[in-house]
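Novice: Below is one structure. I have some questions about it.
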Amino acid sequence: MGAESESGSGVQSVDPDDVDAADILGSAIERREDPALLTGDAEYTDDIELPGMVHMTIKRSRHAHARIENIDTSEAEAMDGVIEVFTAADIEAPGNLPTGWLLDSLEQVDHPILAEDRVRYQGDALAVVVAEERYIAHDATDRIDVDYDRLGAVTEPSEALADDAPAVHDDASGNVAFDWDIGDAEKTDAAFDDADHVVDLDLENQLLIPNAMEPRAAVAEYNPSNDELAVHMTSQNPHLHRLLMSGVIDHPEHKLQVRAPDVGGGFGSKIHHYADEALVALAAKRHERPVKWTATRTETYLTDAQGRGHDTHAEMALSDDGDILGFRVDTAANLGAYLSTFAPAVPTYLYGTLLSGQYDIPAIYCSVTGAFTNVPPVDAYRGAGRPEASFVVERMIHRAAKEVGMDPAEFRRRNFVEEFPYQTQVAVEYDSGDYEKTLDRALDLLDYDELRERQEAARAEGKYVGVGLSAYIEACGLAPSELAGELGAQAGLWESGLVRFHPSGKVTAYCGTSGHGQGHDTTYAQIVANELGVDYEDVEVVEGDTDEIPQGMGTYGSRSAAVGGSALVKSSQKLVEKAKRIAAHQLEAAPEDIEFENGDFHVAGAPDRSMHIAEIATQAYLAHDMPDDMEPGLEATSFYDPDNFVFPFGLHAAVVEVDPDTGEIDIERYVAVDDVGNQINPKIVEGQIHGGVAQGIGQALYEGAEYDDNGQLVTGSMQDYTVPKAEHIPSMETDSTCTPSPVNPLGVKGVGEAGTIAAPQAVVNAVCDALDVDQIGMPMKAERVWRAANAATDGGEH
Amino acid sequence: MEFDGTFGLADVTTEEVWLALSDPVMIKNALPGCQFLVEVDNPDDVDFDALEEAAAEEEDPATLPEADPEEVAERGLAQGGHYAALVQVGVGSVKPRFETVVTIDRREFPEMDASGQGSASDSSFEMDSGMTLVETDDGVDVEWWTEADVFGRVAQMGQRVINPVANRVVGRFFKQVQKELSDVGDESSGLRDRISSYI
Amino acid sequence: MTRDISLTVNGTEHELSVEPRALLISVLRDELDYTGPNVGCESSMCGACTVHLDGEAVKSCTVLAVQADGCDVTTVEGLATDGEFHPIQQGFQEEHGLQCGYCTPGMMMTATELLDRNPDPSEEEIREALEGNLCRCTGYQNIVRAVENAAEKMQQEPAVADGGGD
Ligand code: FES
Ligand code: FES
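Here the protein sequences come in this chain order: A, B and C. Each residue of the first sequence is one higher than the one before, counting from 1 in the UniProt record's numbering. Each residue of the second sequence is one higher than the one before, counting from 1 in the UniProt record's numbering. Each residue of the third sequence is one higher than the one before, counting from 1 in the UniProt record's numbering.
Next comes the structure, spelled out in structure tokens:
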């Protein structure tokens, strides 16, 4: 494990049957989840069909901001096949969706599951239809008549904070949800006073819509005789959904099962607790029949929690020699209409704490104002806060290098953190790293010097070639519960793992994470097989069901391998310990004299006096001959709570050619060198990088939620919101270095978000480099680039 | 969203166009997807179902040139008047039926301003519009503009879809107006003179 | 007001009554329980619902069930023969061409049609052919490799190329 890959040509996968048991960890084996997904046998939520099942739809607000004067459901109710239509008025005290992260200055506002007298974004839920057939439910929804008294709407955070902005919540004055800061303001001011140069940029990180290919969905079934309620849903964290939902619908947590069947991507959007699943659960209870709701694509555009949405002013203080002296960042963050599950954490602790980037910056100060607006709630989207931070840092680094007349690669090298652990000025301590190594590897792959020469030659011919670098860092493996608690988390961030031997010697591992495309079944089986010394095929993995798994926190923040995988390691180690004592007992040796290797326990110096761990499992359940005071059985549960985040890093580079006449951008090369610590399955790691980079390129070039002056979403379909297609994404050259994390027993760092964090600024820097301009906004659509190009060649402003 | 344009009508006089574009019956006939257009007393309380039923039963009165210009002038749009219409338009994959109420805010020959709103099951709009008639060498130019706010499903399709729809509707409307008016000019009966006397 | 139609899905004939407005995708999924093809957009943008209709890749969310009356439909469930993966399935498995798998049934149906037409496509041709199939997970790179891998396999053993069942 941990071997660095050879070149940028990609990882070759292998059949698990061809891998020696001892080598399973770190092998790029094919995924075990694929056969079901490749044959149509997978079970996504909408595939679930239950006897007597009825369908639910939700009437959503047409306006972004309005008072509700009346909701007339009579026509819908009168339709054949409609079972019930209900509004907030029909349910006793509609539940409020809670926020899972609090800040000192946070203005908490009500977020009812059905709006009562006011709607605050287009898509806010107003009424629920339950009908025998899906299409009847949709027809009936169209026949609900709502009288609105339209109010002014605001969608941009900086506009929402202006004096004359419409008030989204009467209680949140000036639309301020919170004011938050980190770092040392005075020290930073002093650094600016001493600076030889100061550079500044206004940077917008646009709102994005996650666009998991599977729309959100839920199926609920209720058994009145025992009060048991089961919700099958598109969830990244069933246990969290169970906990929150039990409060929202007032149903006992131990009688609520939340299960995530196969889930078609999430990228954050399936973490949060939405009104929708709570309404499905309520409907199932009201009618004592299974109820299904599946979002249409339009609904996902209107209601999936969106991501990013920052307006930032950043300034950097520099010395003549090219040292970074200070960094000051002021951000207005869009939180949308209500506080979603983790919303307050994203633009604060997941953002401000990463503003040191890969650099030794002696003084940093960051202030963030969270703003309520009339867009859907904004919350974690792949990267959550860290892409915004890395974007600000790396855009500023690009600008700063130019200011002091240094090559951007050398400017970075000069300012890199070199000693680890490293305490930043923004609270976090980096675990380990070797930033020069990823930089050098990437420069090598790029043939950087040659590239710079070519760039100059091209410019002489009137061609605009640019190179953009992005030296990113992220904090993941969310993470230490105590720290998270101090920072405002309303939940722990440990993970649980149960490893159970069956009497036959086979193993089932249960983990509280909940994969939705990341290949956890494969990687966890690799981990457990390696720890126990059993065959990979003998390990089954179970995830995503609150009835089967002790507890869990779910999958997000690139935490599954680092935290969930580590919980499975701990449990496996406990099993080995117990098995060793049984082996000692049955082999009539002292436990200290027993050695464990590849699944075999043997007496030191007598290799033929041995027992395999699978045999011991059988013995543990037979329980005929156990050490004194030892309970039968062979299983263990652990709650793993690491003592730090982990900090993956890397260097991504884009080489672009820009056509100044059309504004078109051609990404000629994309090079990604990542250091995610040890790799359990390099093929899966590579896939995560590819997918992440594609989303990052999507942000740089194509994506963005746009609203008109009334808060109407005008990019509300896949036709208007460009999810990148195969033709839009270049072939990437990936490579890696390996600096194992000292934080967890696997030495892993997490990879799920790296590409998305790294890519946007690599591409923007490349385009700025090509055109020799300081600033271009995202998405860099042709018209915008054309304007920048022409302003630049005219010598005018940009 | 803002739309505007100029539509040239050949071989007509400003007065004829004014009268035609003031005639709810003519407008109804020319506007694609318009099921009725009638004057109402209270714009906040319109029973569209009843109006639709009534419209289905009634025969449309004649328009110019068959109609008596006096009658046309009589039923013409009045400043301060409120009018209800049911208009169905195909926008992308949906075909919302807009229950629409329009108020004539200003009507001074040759200019007219109106405002209104319409709502369908999942979409709605609010608009301000105006037009000016300008005499040209071979007829009349209708200069028109509309500022519209669109909400709901239709808004989500954005200008990509709405612009062509708006252009199509306006284009068809004026083509129809042109067609109906071309007969007016042919008349040697002095209709033209009689029309101008009603302005 | 339903209409009687007959559909042959993956070789099995089905007689059924459908609403005139019922879409092929809903009939396949909800009536006939072929839940392999997925719904990602209901508007012909994402390709998750792609199936073969008389051998041609179509987005089944844009086809009315009545239009498919009398046709041969192949869904992802019909790709493997006698438990043996079609080369495209092998390609996706070997090259890690899928993550969440939601786009995969549609991707594979579009890809097999491409390989029927063009047994040795270039990377550019593959990317172009997949233009109507969106994937949010993979960044497409391993999907392209999967199609190349399948093309190689199908050229080596041409007999397998007919295994698609359509
Ligand atoms: S569901 Fe048919 S193309 Fe998206
Ligand atoms: S694998 Fe998830 S959408 Fe393609």
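Where a beta carbon is used, it is the ideal one built from N, C-alpha and C, also for glycine. Note that the structure is a prediction, hence the values are computed from the model and not measured.
Curious, which full-length beta strand (DSSP E) runs of at least 3 residues does the segment 138-165 of chain B contain?
Specialist: Counting only runs of 3 or more residues that sit fully inside the segment 138-165 of chain B, the beta strand (DSSP E) segments are 139-152, in chain order.
Novice: Restricting to Cα atoms, I'd like to know which of Ala427(A), Pro421(A), Thr438(A) and Gln423(A) is closest to Arg412(A).
Specialist: Thr438(A)
Novice: Starting from Thr6(B), trace the beta strand (DSSP E) both ways and give me its first and last residue.
Specialist: Glu2 to Ala10
Novice: Is it the case that the CB of Asp38(A) approaches a heavy atom of ligand 2 more closely than 6 Å?
Specialist: For clarity, residue 38(A) is Leu in the given sequence; the question names Asp instead. No.
Novice: Could you confirm whether any beta carbon from chain C is found closer than 7 Å to the beta carbon of Glu30(A)?
Specialist: Contact of Glu30(A) with chain C is assigned, a C-beta pair being separated by under 7 Å.
Novice: Given a threshold of 16 other Cβ atoms within 10 Å of its Cβ, counted over all protein chains shown, does Leu622(A) qualify as buried or as exposed?
Specialist: exposed
Novice: Give me the Cα-Cα distance between Thr296(A) and Asp49(B), rounded to the nearest whole angstrom.
Specialist: Roughly 30 Å separates the two Cα atoms.
Novice: Which same chain residues end up closer than 7 Å to Asp46(A) when comparing Cβ atoms and leaving out the 5 residues on each side of it in sequence?
Specialist: Ala217 and Thr294
Novice: Any Cβ of chain A within less than 7 Å of the Cβ of Gly5(B)?
Specialist: For Gly5(B), no Cβ of chain A is located within less than 7 Å of the residue's own Cβ.
Novice: Taking 6 Å as the cut-off, is the beta-carbon of Ser44(C) closer than that to any non-hydrogen atom of ligand 1?
Specialist: yes
Novice: How would you write the range of the alpha helix (DSSP H) that Ser572(A) sits in, first residue to last?
Specialist: Ser566 to Gln586 is the span of the alpha helix (DSSP H), which, as asked, contains Ser572(A).
Novice: Could you give the DSSP three-state label for Gly165(C): helix, strand or coil?
Specialist: Low per-residue confidence applies at Gly165(C): pLDDT is 43, beneath 50, and the placement is therefore not dependable enough to give any value.
Novice: Residues in the same chain with beta-carbon distance under 8 Å from Ser559(A), minus the five sequence neighbours each way, listed in chain order, please.
Specialist: Correcting the residue type first, residue 559(A) is Arg in the shown sequence and not Ser. These residues qualify, in order along the chain: Cys476, Gly477, Leu478, Ala479, Leu493, Glu495, Thr513, Met553 and Gly750.
Novice: Please tell me whether Asp34(A) has its Cβ less than 7 Å away from any Cβ of chain C.
Specialist: yes
Novice: Are the CB atoms of Val646(A) and Ser741(A) nearer to each other than 7 Å?
Specialist: Judged by beta-carbon spacing, Ser741(A) lies within the 7 Å limit of Val646(A), meaning their Cβ atoms are closer than that value.
Novice: Would you say Val18(C) touches ligand 1, meaning its beta carbon is less than 6 Å from a heavy atom?
Specialist: no
Novice: Relative to ligand 1, is the shortest distance from any of its heavy atoms to the C-beta of Ala217(A) smaller than 6 Å?
Specialist: no
Novice: Using the rule of at least 16 other Cβ atoms within 10 Å of the residue's Cβ for burial, across every protein chain shown, is Arg308(A) buried or exposed?
Specialist: buried
Novice: For Arg242(A), I'd like the list of residues in its chain whose CB is within less than 7 Å of its CB, leaving aside the five on either flank, ordered along the chain.
Specialist: The beta carbon of Arg242(A) sits closer than 7 Å to those of Glu253, Leu256, Val258 and Thr546, all from its chain and outside the five residues before and after it, given in chain order.
Novice: If you count every other CB in all the chains shown that lies within 10 Å of the CB of Thr50(C), and 16 or more means buried, which is it?
Specialist: buried
Novice: Where does Glu59(B) sit, in a helix, a strand or coil, going by DSSP?
Specialist: coil
Novice: Touch check for the segment 324-335 of chain A and the segment 64-81 of chain C: three-plus C-beta pairs under 8 Å?
Specialist: no
Novice: Just to check, is the beta-carbon of Gln526(A) closer than 6 Å to a non-hydrogen atom of ligand 2?
Specialist: no
Novice: Under 7 Å between C-beta atoms, does Val541(A) make it to chain C?
Specialist: no
Novice: Strictly by DSSP, which residues pair up with Ser115(B)?
Specialist: Thr103(B) and Asp128(B)
Novice: Figure out for me which residue from Met107(C), Gln156(C), Ile126(C) and Asn149(C) has the closest Cα to the Cα of residue 167(C).
Specialist: There is simply no residue 167(C) to check, as chain C begins at 1 and stops at 166 in what is shown.
Novice: Consult DSSP for Thr303(A) and reduce its assignment to one of helix, strand or coil.
Specialist: helix
Novice: For Cys476(A), which three-state DSSP category applies?
Specialist: Strand.
Novice: Can you tell me whether DSSP reads Trp101(A) as helix, strand or coil?
Specialist: strand
Novice: Here's the rule I'm using: 16 or more other beta-carbon atoms within 10 Å means buried, otherwise exposed. How should residue 823(A) be labelled?
Specialist: Not covered by the structure: residue 823(A). The range shown for chain A is 1 to 798.
Novice: Measure the C-alpha to C-alpha separation of Arg153(B) and Ser123(B) and round it to an integer number of angstroms.
Specialist: 5 Å
Novice: For a test of your reading of the model: does the CB of Gly40(C) fall under 6 Å from any non-hydrogen atom of ligand 1? Yes or no.
Specialist: yes
Novice: What is the DSSP secondary structure of Tyr222(A), reduced to helix, strand or coil?
Specialist: strand
Novice: Going residue by residue through the segment 27-97 of chain C, where are the continuous alpha helix (DSSP H) segments of at least 4 residues, counting only ones entirely within it?
Specialist: 87-95
Novice: Hey, Ala509(A) and Asp262(A): beta-carbon distance below 7 Å or not?
Specialist: no
Novice: Using a Cβ distance threshold of 8 Å, determine whether the segment 280-291 of chain A contacts the segment 149-167 of chain A, with at least three qualifying pairs required.
Specialist: no
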